[in-house]
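In terms of the numbering used here, the sequence shown has 857 at position 110, counting the first letter as 1, and numbering is strictly consecutive.
Backbone N, C-alpha and C define an ideal beta-carbon position, used for all residues, glycine too.
For clarity, every value in this text was computed on a predicted model and none was experimentally measured.
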Amino acid sequence: MAPKYKDKDGGVVLAFNGQWVSWSHTVVAYTAFISALIVGVSLHYHKIVENEFYRYPDEWFPSVSATIGDRYPERSFFMIFIAITSGPRFALVGLWYLLTRKPGSKLPGFVATMGILRTLTCGGWTYITSTDDHDWHDILMISYIVATLPWTTGCITLSPNNPTAIKYRKYLAGAFFGTLVPLIYFFIQHKVHRVAGAYTIYAFFEWALILFDVGFDAVTALDFNTFEIVVRDVQGSSKGDNRSVSSAILEKEKEQATAGVFALRFTWTEALDAAADIYHGFVFWSILTSLGLLVWYFPLWHMGISGYEAFVMSTVSPFLLCIGPLRSLVINNLRIVHLLSLSGIAAYLVLDPVYRLITVGFAVSMSCLGWVGTLSSESIHEARFESKVLGLLVGLILSSTAKFAWTTNNPIWPIMHAENGGWNGTGLILGLLAALRFTRRAPLTSSSSPDKMPGSVFLSACGLGGLFFALHSLLSDTSTMILWVWEGFPVRGPYFSTHGWFTVAAMSAGIFLGFSRPNLAGSWLTFGVGSVGAFFLTKYSHWAGFYGGLALTVYIMGAAVPLLTIASKKGAASTFGLGFLIYNFMVLFHVWIVAYAFVPGGPLVRERTDLVMLTMMALIGAGVLNYNTSKPKHAAPRRSSSSQHKKYNAVATLIINILFLCAAFMRFPTNDYKPYHGQDRVLTAGIWTIHFSLDNDMWSSEYRMRDLIKEMELDVVGLLESDLQRIIMGNRDTTQFLAEDLGMYVDYGPGPNKHTWGAALLSKFPIVESKHHLLPSPVGELAPAIHATLDVYGELVDVFVFHSGQEEDPEDRRLQSEYLSKLMGSTSRPAILLSYLVTKPLEGNYNTYVSETSGMHDVDPSDWDRWCEYILFKRLKRVGYARVSRSTITDTELQVAKFVIPQSSAEIQQLEAVSTEERNRRVEETEIPVGWRFPAMFRGDGVRDHRYHVFDEPRYFN
748 MAPKYKDKDG
758 GVVLAFNGQW
768 VSWSHTVVAY
778 TAFISALIVG
788 VSLHYHKIVE
798 NEFYRYPDEW
808 FPSVSATIGD
818 RYPERSFFMI
828 FIAITSGPRF
838 ALVGLWYLLT
848 RKPGSKLPGF
858 VATMGILRTL
868 TCGGWTYITS
878 TDDHDWHDIL
888 MISYIVATLP
898 WTTGCITLSP
908 NNPTAIKYRK
918 YLAGAFFGTL
928 VPLIYFFIQH
938 KVHRVAGAYT
948 IYAFFEWALI
958 LFDVGFDAVT
968 ALDFNTFEIV
978 VRDVQGSSKG
988 DNRSVSSAIL
998 EKEKEQATAG
1008 VFALRFTWTE
1018 ALDAAADIYH
1028 GFVFWSILTS
1038 LGLLVWYFPL
1048 WHMGISGYEA
1058 FVMSTVSPFL
1068 LCIGPLRSLV
1078 INNLRIVHLL
1088 SLSGIAAYLV
1098 LDPVYRLITV
1108 GFAVSMSCLG
1118 WVGTLSSESI
1128 HEARFESKVL
1138 GLLVGLILSS
1148 TAKFAWTTNN
1158 PIWPIMHAEN
1168 GGWNGTGLIL
1178 GLLAALRFTR
1188 RAPLTSSSSP
1198 DKMPGSVFLS
1208 ACGLGGLFFA
1218 LHSLLSDTST
1228 MILWVWEGFP
1238 VRGPYFSTHG
1248 WFTVAAMSAG
1258 IFLGFSRPNL
1268 AGSWLTFGVG
1278 SVGAFFLTKY
1288 SHWAGFYGGL
1298 ALTVYIMGAA
1308 VPLLTIASKK
1318 GAASTFGLGF
1328 LIYNFMVLFH
1338 VWIVAYAFVP
1348 GGPLVRERTD
1358 LVMLTMMALI
1368 GAGVLNYNTS
1378 KPKHAAPRRS
1388 SSSQHKKYNA
1398 VATLIINILF
1408 LCAAFMRFPT
1418 NDYKPYHGQD
1428 RVLTAGIWTI
1438 HFSLDNDMWS
1448 SEYRMRDLIK
1458 EMELDVVGLL
1468 ESDLQRIIMG
1478 NRDTTQFLAE
1488 DLGMYVDYGP
1498 GPNKHTWGAA
1508 LLSKFPIVES
1518 KHHLLPSPVG
1528 ELAPAIHATL
1538 DVYGELVDVF
1548 VFHSGQEEDP
1558 EDRRLQSEYL
1568 SKLMGSTSRP
1578 AILLSYLVTK
1588 PLEGNYNTYV
1598 SETSGMHDVD
1608 PSDWDRWCEY
1618 ILFKRLKRVG
1628 YARVSRSTIT
1638 DTELQVAKFV
1648 IPQSSAEIQQ
1658 LEAVSTEERN
1668 RRVEETEIPV
1678 GWRFPAMFRG
1688 DGVRDHRYHV
1698 FDEPRYFN
């Protein structure tokens, strides 16, 4: 078109409207994908619709990655056109920056940077396919998706006041991010559940993402029509053509669409303050959640009350603030107190477990003292107080995110060090910087804290006790509530690695509900919703229970704001001191429901998770009652300054959520789950009592366990004493790390609300179905069992994992032996028992487990040295048995057996017809195939203090 403005130096050689940049980008980008789809379907249809599990006709539409992947010539079509797209793409980003830049605003530059980053990363994952380099392809793809969020929300925020363009951007952005939910769902259906046809549906959503993504950028054509290239603003305005809608209304719509996070005025000072508050909150939760874990080490190894349990009372240090001189000393030296609390991170340098516990106990007392002093002194200034509370609560989200990224271990815990994945040194340096920044302002009060608000100290303390217990026991790890509702395979509810973000999202929503609507968050209405959620979480499994847990999560995080606010303004010393005392009582209560056999009065609360949940909600309800009777009738209007820190924290929370999603993407299972000796049809099975994943020296033992399981080439392993989802065990899950690192399927077994010490199953073979059992235990502790059916080389094999009751309760063990014997006898399939039986070979209950009722045989009846661990089997060819020393990992050895899987029912019948003498005939290692043998590396002195022991070598049978 002809230019509307003639250059004073002699006219324009070439001029065109700016909208053609948008149109050329849109057309060429769509051509890249559509041409590849047309060519691929025409030449390689059956190949590009095929995936790792299914082919045509189960799958009949190709995914984007399959279409633009490695096949010639469709890959070439795509790459050529996507390369051409880069020119208009860079021009589009540049024009958008020129259109939206304003004096004094840094947001247009930030959005433009994200646009350039998206362009570069798009080229990265386009030209580096997963076949070329899987890791870099994934990293660049994640980076592209992450950069899309600020680009999209930033474009909406910066949109000129063109109502049509704003409307289209909101619709397309909503469609893009809304499509991610079903996209992830159907990918899980395909990858985890292997549902036929799920990948085709996933492909449609993947193509929809492409359409929405390119379409969002195409909307710039409605804004660029005011540009003419060589670039002049020919209308003298960048506000669009339509003036019928007021600018104020459109600005309000844009701010609502982006939650106002881009409307803040950015300064590095405030950003660093927010980051320091959040990281220091992360440090608080890291130190607090490590205390119970270290305390647990001592009764665990003493097998009873050790005396070190008294360190749980470290949290009641805020009582010291009741003493006037001490209060003044603490408040005037808060920086020193907070710096002293960092000893909890440095505790990993203390090698002796006793002194390490003492160090962490001191750190917890300093941390609680420092935080309460800070909240109390800052409570008279709304903005400063709110920023500290936000730091504490968002710090919990960061802690849960870090634990997810480290497969439920916190990288700065004192049970971590470099050898098992710890980042203690880095965490300590960041902690020092954050603490210094956190305390850079002098406290606002230093005198004795008067009662500033009406209400009851006791009720407020009850609310705090229930609140901190709820935050710690349910929300300090994103897999806790998921494992509460877990009932085995097939998966009928949430899965810890793919749905953990739901918990983080609910936590994030709860925080900002509490700050934006504190009266609603502290109302009886929301308490009722939270109570219903608690009921569903306690009583139901699968999705129904988890949805209840999410409702409870939103409520707990929301109620935290008014409850912490009212407590900080009302005798903080006595309120928080008593609150932490009540919290300690709740911690012991929730331990005693499963450890009742080891504590006085324990049977009174045996297996009463419902009472724990009821007490927790009643305590929070007491806090709600106090809040509603003591809150001001008419709240003062909020100052504008108090909203800025909220937006910084909102951005930080958004970033943490994105980091969580990135970690979830990296943790998504991509293993091929191949057994070690598939060509020989060998199944190597093991049983190991892992003693809650704490080794003799108080270090987390996952890495060492992983190494031994891998080197022993175990295809199936049962783990006992494996339920770590309690405060005293750190709310951990060792099986997640082992399963993902070793490439195994995992059944956690009966969940933490089933009151057992845990039984878990890891398998290289698909778990077709699994059921959890709680065996009769009228007197002693509950005995968990897993009955799983595996697909082993095309044959169905049943595997039982079982931990019987303790030695002191013989009647329990007798009843359990009868129950399990009938359960094993109920299957006619080949079967293996991996167990902890507490019996002597050939005596007592042994003859119930190994009997005609069960049909099971002992892996080696001549092994007289056993008391606890046993491997039994039926309808399988047992070819080897070994006992491997534990080193310092746990208190129980690893027992391993090798089986060859029969290929027909006739072969199974032949195995059953074999006499006992022939079945147990031992042979030399040289008489069996190489693929049936145990690794030679553990002979003699072995490696890392792991060796074949008792017999000094494996035993073989034929």
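At the level of alpha carbons, what is the spacing between residue i and residue j?
i: residue 1330; j: residue 1062; result: 9 Å
i: residue 1541; j: residue 1652; result: 13 Å
i: residue 1711; j: residue 1614; result: Any question about residue 1711 goes unanswered here, given that the chain covers just 748 to 1705.
i: residue 1658; j: residue 1625; result: 10 Å
i: residue 1149; j: residue 1479; result: 12 Å
i: residue 951; j: residue 1649; result: 42 Å
i: residue 1204; j: residue 1467; result: 44 Å
i: residue 1553; j: residue 1529; result: 9 Å
i: residue 885; j: residue 875; result: 10 Å
Is residue i helix, strand or coil when you go by DSSP?
i: residue 1463; result: strand
i: residue 1258; result: helix
i: residue 1281; result: helix
i: residue 1157; result: coil
i: residue 988; result: The pLDDT assigned to residue 988 is 45, lower than 50, so where the model puts this residue is not dependable; a value taken from the coordinates is nonetheless given after this. Coil at residue 988, not helix or strand.
i: residue 1117; result: helix
i: residue 1344; result: helix
i: residue 1656; result: helix
i: residue 976; result: strand
i: residue 1251; result: helix
i: residue 807; result: coil
i: residue 1565; result: helix
i: residue 1691; result: coil
i: residue 1587; result: coil
What residue does the beta strand (DSSP E) around residue i start on, and which one ends it?
i: residue 1536; result: 1530-1539
i: residue 1683; result: Counting along the chain, residue 1683 falls outside any beta strand (DSSP E), and DSSP gives it neither H nor E.
i: residue 1642; result: 1641-1647
i: residue 1433; result: 1429-1436
Beta-carbon within less than 7 Å of residue i's beta-carbon, same chain only, minus the 5 sequence neighbours each way: which residues are those?
i: residue 1426; result: 1678
i: residue 1604; result: 1597, 1619, 1620, 1621 and 1666
i: residue 1153; result: 1168
i: residue 1376; result: 1202
Thinking C-alpha only, which one of the options is nearest residue i?
i: residue 1564; options: 1491, 1590, 1543 and 1577; result: 1590
i: residue 1065; options: 1372, 1623, 1071 and 1119; result: 1119
i: residue 1071; options: 1292, 1409 and 1318; result: 1318
i: residue 1576; options: 1287, 1601 and 1016; result: 1601
i: residue 745; options: 956, 939 and 1162; result: This structure cannot settle anything about residue 745, because the visible part of the chain is limited to 748 through 1705.
i: residue 772; options: 814, 833 and 1432; result: 833
i: residue 1274; options: 1244, 1310, 1018 and 1040; result: 1310
i: residue 768; options: 1158, 1547 and 973; result: 973
i: residue 1040; options: 1476, 1703, 1528 and 1573; result: 1476
i: residue 1698; options: 1558, 1518 and 1630; result: 1630
i: residue 1097; options: 1125, 1549 and 1446; result: 1446
What span of residues does the alpha helix (DSSP H) with residue i cover, start to end?
i: residue 1074; result: 1071-1078
i: residue 1376; result: 1356-1377
i: residue 1093; result: 1090-1093
i: residue 1511; result: Residue 1511 -> no alpha helix (DSSP H), and no H or E assigned at all.
i: residue 1475; result: First-last for residue 1475: undefined, no H or E at that position.
i: residue 1150; result: 1129-1152
i: residue 768; result: 766-795
Apart from the five residues on each side of it in sequence, which residues of its chain come closer than 6 Å, Cβ to Cβ, to residue i?
i: residue 1422; result: 1462 and 1511
i: residue 890; result: 868
i: residue 1194; result: Because residue 1194 carries a pLDDT of 49, less than 50, the predicted location of this residue cannot be relied on, and no value is offered for it.
Excluding the 5 residues preceding and the 5 following residue i in the sequence, name in chain order all residues of the same chain whose CB lies nearer than 8 Å to its CB.
i: residue 1051; result: 1345
i: residue 898; result: 858, 861, 862 and 865
i: residue 1018; result: 1395
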